[in-house]
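**Q** Numbering (my numbering) for the sequence shown: 550 to 817. Each residue gets a CB set at the ideal place from its N, CA and C atoms; glycine is no exception. Got a structure for you, questions after.
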Amino acid sequence: MAQGSVRRLVIRGGAVSFDSQGDGAAVLFVHGFPLDRTMWRAQVADLAGWGRVAPDLRGFGLSDPPPGPWTIADHADDLAALLDELRIERAVVCGLSMGGYVVLELLRRHGGRIRGLVLANTRAEADSPEARRARDGTIEAVRARGSVALAESMLPKLLAPSTVATRPEVVGHVRSMIAGTRPEGATAALAAMRDRADAGERLGTIRVPVLVVVGAEDALIPPAIQIELARRIPGARLEVVPGAGHLTPLEQPEEFNRLLTDFLESMR
Ligand code: MLT
């Protein structure tokens, strides 16, 4: 696998950018909303002994937004096609929040490609009617005011208060990922999340090893919901990380990497 800098491939008709580093069994990292592949910087840099791949999902970061609407299933199919291009038959797949929605859909559509799952700061249920209405409001706000509307509504909820107080570089990184999210990518992904299928019923049928990582101070997806997610997956490991909000891998990278490494080593 190539080392280091960002690579670009045409996948299902659109240019997709991704970081890749290291050799060995593959770990695929799937970012949350409204972020990009760089949220996994500490994991891509540090997970020696594994082939790390972190793409920008379509419409985010440096990946093109194709014209027209898309679905969470499109994101999942893009990832399967990326694995094809990279000649990776099976990977451990690690998704945060929206990335978790994508990973659960990847499992449903392309389950044979997944060796293990890491679900960070995410949930399995579809949007409630109230959440769907809120998505429509956010779509309108982004259409009217661009990504600044996202920064205003989401920044205060993404990070734990202790991260905001003591980690200005993390706050700056999150702010710049949000600012770099193109409005057409954000609105398409908001609609895709609004319309996503419920994955709750399938949790009991998961047969690959699973690690669920919860931010103890997650203000966007309540920890109780994430703990229940782990409880419904047979044999899942559950880890609750103190001092982390919704972005555990960025807020507590050392602890996240320690948990991830333990989990990965258990699958050698
Ligand atoms: C995310 O962090 O990916 C989003 O907040 C998920 C969502 O809005 O449901």
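Check the C-beta distance from H795 over to S646 and give it rounded, since I have them as a contact under 8 angstroms.
**A** 7 angstroms
**Q** Return the residue from the list A640, D626 and V720 that minimises the CA-CA distance to R657.
**A** R657 has its Cα closest to that of D626, out of A640, D626 and V720.
**Q** I need the boundaries of the alpha helix (DSSP H) containing D811, first residue and last residue.
**A** Looking at the DSSP string, the run of the alpha helix (DSSP H) that includes D811 is P802 to E814.
**Q** Quick check: does the Cβ of F582 come within less than 6 angstroms of any heavy atom belonging to the ligand MLT?
**A** Taken from the Cβ of F582, at least one heavy atom of the ligand MLT lies inside 6 angstroms.
**Q** Where does the unbroken alpha helix (DSSP H) through E701 begin, and where does it stop?
**A** S696 to L707
**Q** Using 8 angstroms as the threshold, is the segment 730-737 in touch with the segment 597-611, meaning 3 or more CB pairs across them?
**A** yes
**Q** Any heavy atom of the ligand MLT closer than 6 angstroms to the beta-carbon of L769?
**A** yes
**Q** Per DSSP, what kind of secondary structure is P791 in: helix, strand or coil?
**A** coil
**Q** In whole angstroms, what separates the C-alpha of P678 from that of D767?
**A** 22 angstroms
**Q** Say the cut is 6 angstroms; is the CB of S566 nearer than that to a heavy atom of the ligand MLT?
**A** no
**Q** Identify whether P604 lies in helix, strand or coil by the three-state DSSP scheme.
**A** strand
**Q** Return the bridge partner residues of I663 from the DSSP annotation.
**A** A640
**Q** Assign E788 to one of two classes, buried (16 or more other C-beta atoms within 10 Å of its C-beta) or exposed (fewer than that).
**A** buried
**Q** Since W599 and L799 are thought to touch, with beta carbons under 8 angstroms apart, how far apart are those beta carbons, to the nearest angstrom?
**A** Wrong, their Cβ atoms sit about 19 angstroms apart, outside the cutoff.
**Q** Taking 6 angstroms as the cut-off, does the CB of M726 come closer than this to any heavy atom belonging to the ligand MLT?
**A** no
**Q** First and last residue of the alpha helix (DSSP H) that includes A575?
**A** No alpha helix (DSSP H) holds A575; the beta strand (DSSP E) holding it covers A575 to V579.
**Q** Please report the straight-line C-alpha distance between P583 and H722, rounded to a whole angstrom.
**A** 12 angstroms
**Q** My output table needs one value for A591: the three-state DSSP class, helix, strand or coil.
**A** A591: helix per DSSP, three-state reduction.
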